[in-house]
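Notes to accompany the following structure.
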Amino acid sequence: MDNNYEDIEWQDGQLQINFSVVNAHNNEIQYILDGSILKTQQIKYLKWEGLIGNNNQKVGKWIPYWKMQGLFLGGIYDNLGLKQGIWKDLDENFWDQAQIIQRGQYLNSTKIGRWDIIHKNQIIGGGQYDDLGQKIGKWSELYINFFSHSSSMSDIIHEGEYKDGKKIGYWIILDRNQEFGGGLYNDLGLKNGLWVEFSSSLRNSSQFIYKGNYQNGLKGGGRYDNNGFKDGLWIDINESFHKLNQFTYNGEYKNNKKYGRWYIMYKKESGQQFNQIGGGSFNQYGMKDGIWVEFADWYASQSLVMFRGEYQNSQKFGRWDIQFKYENFYDYQLIGGGTYDISGMKQGQWIDMNEHSYNLNSLITYNGEYKDNVKQGFWKTMFRSYLTMANFEQRGGGSFNQCGLKEGKWIELHPQFSLYTQIIHIGDYRNGQKCGKWDTCILETKSNKFEKIGGGWYDLDGVKYGIWVDLIDKATIFSSITFRGGYINGKKSGNWIIMHRNQNFNYQQMYELLILQQFQWWRLI
Numbered sequence: 000m001d002n003n004y005e006d007i008e009w010q011d012g013q014l015q016i017n018f019s020v021v022n023a024h025n026n027e028i029q030y031i032l033d034g035s036i037l038k039t040q041q042i043k044y045l046k047w048e049g050l051i052g053n054n055n056q057k058v059g060k061w062i063p064y065w066k067m068q069g070l071f072l073g074g075i076y077d078n079l080g081l082k083q084g085i086w087k088d089l090d091e092n093f094w095d096q097a098q099i100i101q102r103g104q105y106l107n108s109t110k111i112g113r114w115d116i117i118h119k120n121q122i123i124g125g126g127q128y129d130d131l132g133q134k135i136g137k138w139s140e141l142y143i144n145f146f147s148h149s150s151s152m153s154d155i156i157h158e159g160e161y162k163d164g165k166k167i168g169y170w171i172i173l174d175r176n177q178e179f180g181g182g183l184y185n186d187l188g189l190k191n192g193l194w195v196e197f198s199s200s201l202r203n204s205s206q207f208i209y210k211g212n213y214q215n216g217l218k219g220g221g222r223y224d225n226n227g228f229k230d231g232l233w234i235d236i237n238e239s240f241h242k243l244n245q246f247t248y249n250g251e252y253k254n255n256k257k258y259g260r261w262y263i264m265y266k267k268e269s270g271q272q273f274n275q276i277g278g279g280s281f282n283q284y285g286m287k288d289g290i291w292v293e294f295a296d297w298y299a300s301q302s303l304v305m306f307r308g309e310y311q312n313s314q315k316f317g318r319w320d321i322q323f324k325y326e327n328f329y330d331y332q333l334i335g336g337g338t339y340d341i342s343g344m345k346q347g348q349w350i351d352m353n354e355h356s357y358n359l360n361s362l363i364t365y366n367g368e369y370k371d372n373v374k375q376g377f378w379k380t381m382f383r384s385y386l387t388m389a390n391f392e393q394r395g396g397g398s399f400n401q402c403g404l405k406e407g408k409w410i411e412l413h414p415q416f417s418l419y420t421q422i423i424h425i426g427d428y429r430n431g432q433k434c435g436k437w438d439t440c441i442l443e444t445k446s447n448k449f450e451k452i453g454g455g456w457y458d459l460d461g462v463k464y465g466i467w468v469d470l471i472d473k474a475t476i477f478s479s480i481t482f483r484g485g486y487i488n489g490k491k492s493g494n495w496i497i498m499h500r501n502q503n504f505n506y507q508q509m510y511e512l513l514i515l516q517q518f519q520w521w522r523l524i
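What follows is the structure, encoded as structure tokens:
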């Protein structure tokens, strides 16, 4: 039997990463993000490790690893590759801020008996399965976006009864053990009558409650027609609506399609009046047409990012501008943009904006050329901080080949790069894959120059190996902690030493290669 590694992708409830998937010449699946070929383990945190049988089936004990660290979860596969006995499964929405597991029994890969939903070693929900794997009796289930946002968690529970795998009768919605809503399911498992429920994008900073009638699972009562389609005048709420950044879309629906002029309304916070700041028109087919003024979907408490340009049948066309405004600045400033061809592909010179840089400390753009929507040639990475009132300055960059993959020497910014987190990574790409020596440098405030603080080596497959010095995720130019140790096949192994600048505190952690073992960390005070 050979060891096998299975990768499973998990997404942040709010954050989505768009990447391309291509087949390499050796039929290996590759993931491309902004010109970089990302190995599976680089874009996914979860890996399962276990044994593979002669018929390529999973057998024996299988264990999940999260960010390279083994978890005391998993269970046993029999010789036929079926789950048997007690298992501890990761919840389908498991991530850093919602490390939720499900614990119960499998019989031939079918859930049976009592299953518990567990968070922080406490049972927060669960219920019974019958011998066919259907839910029965009373259940407590997590709301779809339970703990979906890192800074504003929403612990909402649904409680009610199942019959033959279908919800029946009255179900209540609990918010911190207080009943807050709910409604009835009919014998077919469809919502009926008056319901009070939360928005699907619920979070503590933007709680929306919807109250209305259902008929056989379809909404009714004025806003929806008898077929459950939106009709007439509507005010739609932006999915990223936040109490400190409130957007709505006001306009008309015909047969569930947006029609005519729609207005984008905005106010900073509750108590203020909504003002129109954008919008455009939909044609008779529900497609955007003509000039539109739109705004970035990502949340930014102190800024607005505007996109202005033309649509033809919902396809962007011609010149589009990107404008940026901080709340303390009265006028929008042009910071980027470029041209779309008739097919909606970017062409020629463009200035793209980094979607994760939108505060006073950090505004990052990427300046370069597109050909048929593919980045070509040398691209500059530009940085500006409004706190210093300085102009854009180049902080990084590198070249893309004809396939839009990074090639040669690159200087890349740390994901949290800002005025106080000026950290860069310097090294080589080969066909979109990191290779060779990479250095991590941090801005030294006294000399105002970048100095090496860490780094290591990638092999030809873009996998870390040998001795590395990794920087803590939350490092700043004022305080930086590094971890020094070895990698084997992209996984940490052996002793790792924690160092704070030039002081060695001799904290360490042991990583094991293949067998799960109890790990002990000494916490840095």
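If you read the sequence shown in numbering that gives the first Met the number 0, its first letter stands for residue 0, the second for the next number, and so on.
Positions of the beta carbon are idealized from the N, C-alpha and C atoms, including for glycine.
**Asked** Is DSSP giving Glu178 helix, strand or coil here?
**Response** What you label residue 178 is simply residue 179 of the sequence shown in a count that begins at 1. Three-state DSSP puts Glu178 in a strand.
**Three-state class that DSSP yields for Lys267 in the structure shown** = Here the question's residue 267 lines up with position 268 in the sequence shown. If DSSP states are grouped into helix, strand and coil, Lys267 belongs with coil.
**Asked** What separation, rounded to the nearest whole angstrom, lies between the Cα atoms of Lys374 and Lys436?
**Response** Here residue 374 refers to the residue found at position 375 when the sequence shown is read from its first residue. Here residue 436 refers to the residue found at position 437 when the sequence shown is read from its first residue. Straight-line Cα distance between these residues: approximately 25 angstroms.
**Pairwise C-alpha distance: Glu293 and Trp233** = By one-based count along the sequence shown, residue 233 stands at place 234. By one-based count along the sequence shown, residue 293 stands at place 294. For Trp233 and Glu293, the distance between alpha carbons rounds to 18 angstroms.
**Item:** Unbroken beta strand (DSSP E) run spanning Asn249, endpoints
**Value:** By one-based count along the sequence shown, residue 249 stands at place 250. Counting along the chain, the beta strand (DSSP E) containing Asn249 begins and ends at 245 to 253.
**Prompt:** If you run the structure through DSSP and keep just helix, strand and coil, what is His157?
**Reply:** Residue 157 sits at position 158 when you count from the first residue of the sequence shown. Here His157 sits in strand by DSSP.
**Item:** Sequence-distant residues of the same chain with beta carbon closer than 6 angstroms to Asp458, five excluded per side
**Value:** Against the sequence shown, residue 458 aligns to sequence position 459. Excluding residues within five positions, the ones whose Cβ falls inside 6 angstroms are Tyr464.
**Request:** Kindly list the residues whose CB is nearer than 7 angstroms to the CB of His157, restricted to its own chain and excluding five residues on each side of it in sequence; keep chain order.
**Result:** For the purposes of this step, residue 157 is identified with residue 158 of the sequence shown, where counting begins at 1. Only Glu140, Tyr142, Trp170, Ile172 meet the Cβ criterion.
**Item:** Contacting residues, own chain, Cβ-Cβ under 6 angstroms from Ser356 (five flanking each side not counted)
**Value:** The residue you call residue 356 lines up with position 357 of the sequence shown. Cβ within range, chain order: Leu362, Ile363.
**Message:** Going by beta-carbon coordinates alone, are Glu392 and Phe382 separated by less than 7 angstroms?
**Reply:** The residue given as residue 392 occupies position 393 in the sequence shown. The residue given as residue 382 occupies position 383 in the sequence shown. Yes. Within cutoff.
**Request:** Could you spell out where the beta strand (DSSP E) holding Met388 opens and where it closes?
**Result:** By 1-based counting over the sequence shown, the position of residue 388 is 389. That residue, Met388, is in no beta strand (DSSP E); it is neither H nor E in DSSP.
**Item:** For Pro63, the first and last residue of its enclosing beta strand (DSSP E)
**Value:** What you label residue 63 is simply residue 64 of the sequence shown in a count that begins at 1. Element bounds for Pro63: 57 to 65.
**Item:** Runs of beta strand (DSSP E) wholly within the stretch 449 to 495 (minimum 3 residues, chain order)
**Value:** 463 to 470, 480 to 487
**Item:** Per-residue DSSP class, three states only, for Gly431
**Value:** To locate residue 431, count along the sequence shown from 1; it is residue 432. It is coil, neither helix nor strand.
**Message:** Using 7 angstroms as the threshold, is the C-beta distance between Ser398 and Phe377 below it?
**Reply:** Position 399 of the sequence shown, counting from 1, holds the residue named residue 398. Position 378 of the sequence shown, counting from 1, holds the residue named residue 377. Yes; because the gap between Cβ atoms is below 7 angstroms, this pair is in contact.
**Prompt:** What's the call for Lys66, buried or exposed, on a 16-neighbour Cβ count within 10 Å?
**Reply:** Position 67 of the sequence shown holds residue 66. Burial call: exposed.
**Item:** Buried versus exposed, by CB contacts within 10 Å (16 or more), Ser147
**Value:** The residue labelled residue 147 in the question sits at position 148 within the sequence shown. The predicted position of Ser147 is uncertain, since its pLDDT is 43 and thus under 50; a value taken from the coordinates is nonetheless stated next. By the neighbour-count rule (16 or more Cβ atoms within 10 Å), Ser147 is buried.
**Item:** Under 7 angstroms between C-beta atoms of Gln314 and Gly335
**Value:** Numbered from its first residue, the sequence shown carries residue 314 at position 315. Numbered from its first residue, the sequence shown carries residue 335 at position 336. No, the Cβ-Cβ distance between Gln314 and Gly335 is not below 7 angstroms.
**Integer Cβ distance of Tyr419 from Ile476, believed to fall under 8 angstroms** = In the sequence shown, residue 419 corresponds to position 420, counting from 1. In the sequence shown, residue 476 corresponds to position 477, counting from 1. Indeed they touch by this definition, with Cβ atoms about 6 angstroms apart.
**Message:** Looking only at its chain, what residues have a beta carbon closer than 8 angstroms to the beta carbon of Gly289, apart from the 5 residues adjacent to it on each side?
**Reply:** On the sequence shown, position 290 is the one that residue 289 refers to. Within the same chain, Gly289 has close Cβ partners Gly279, Ser280, Glu309, Tyr310.
**Request:** Could I get the ranges of all uninterrupted alpha helix (DSSP H) runs contained in the stretch 323 to 379, with 4 residues as the minimum, in chain order?
**Result:** none
**Request:** Mind checking who Ala97 pairs with in its DSSP beta bridge?
**Result:** As a position in the sequence shown, residue 97 is number 98, starting the count at 1. Paired residue(s): Trp94.
**Asked** First and last residue of the beta strand (DSSP E) that includes Leu412?
**Response** Position 413 of the sequence shown, counted from the start, is the residue given in the question as residue 412. Residues 405 to 412.
**Prompt:** Alpha carbon to alpha carbon, what distance is there between Leu72 and Lys119?
**Reply:** The sequence position of residue 119 within the sequence shown is 120, counting from 1. The sequence position of residue 72 within the sequence shown is 73, counting from 1. Straight-line Cα distance between these residues: approximately 13 angstroms.
**Request:** With DSSP as the reference, label Lys445 as helix, strand or coil.
**Result:** Locating residue 445 in the sequence shown gives position 446, where the first residue counts as 1. It is coil, neither helix nor strand.
**Message:** Helix, strand or coil for Ser280? Go by DSSP, reduced to three states.
**Reply:** The residue you call residue 280 lines up with position 281 of the sequence shown. It is a strand residue.
**Prompt:** Is Ser108 near Lys134, with beta carbons less than 7 angstroms apart?
**Reply:** For the purposes of this step, residue 108 is taken as the residue at position 109 of the sequence shown. For the purposes of this step, residue 134 is taken as the residue at position 135 of the sequence shown. No. Outside cutoff.
**Asked** Identify the residues that DSSP records as bridge partners of Phe416: which are they?
**Response** Counted from its first residue, the sequence shown places residue 416 at position 417. Note: Phe416 sits in no beta bridge, so no partner.
**Asked** Using a Cβ-Cβ cut-off of 6 angstroms (strictly less than) and excluding sequence neighbours within five positions of Gly181, which residues of its own chain qualify?
**Response** Indexing the sequence shown from 1 puts residue 181 at position 182. Here the set comprises Trp170, Ile171, Ile172.
**Item:** For Leu333, the nearest candidate out of Ala389, Ile466, Gln322 (CA to CA)
**Value:** The residue labelled residue 333 in the question sits at position 334 within the sequence shown. With distances taken between Cα atoms, Leu333 lies closest to Gln322.
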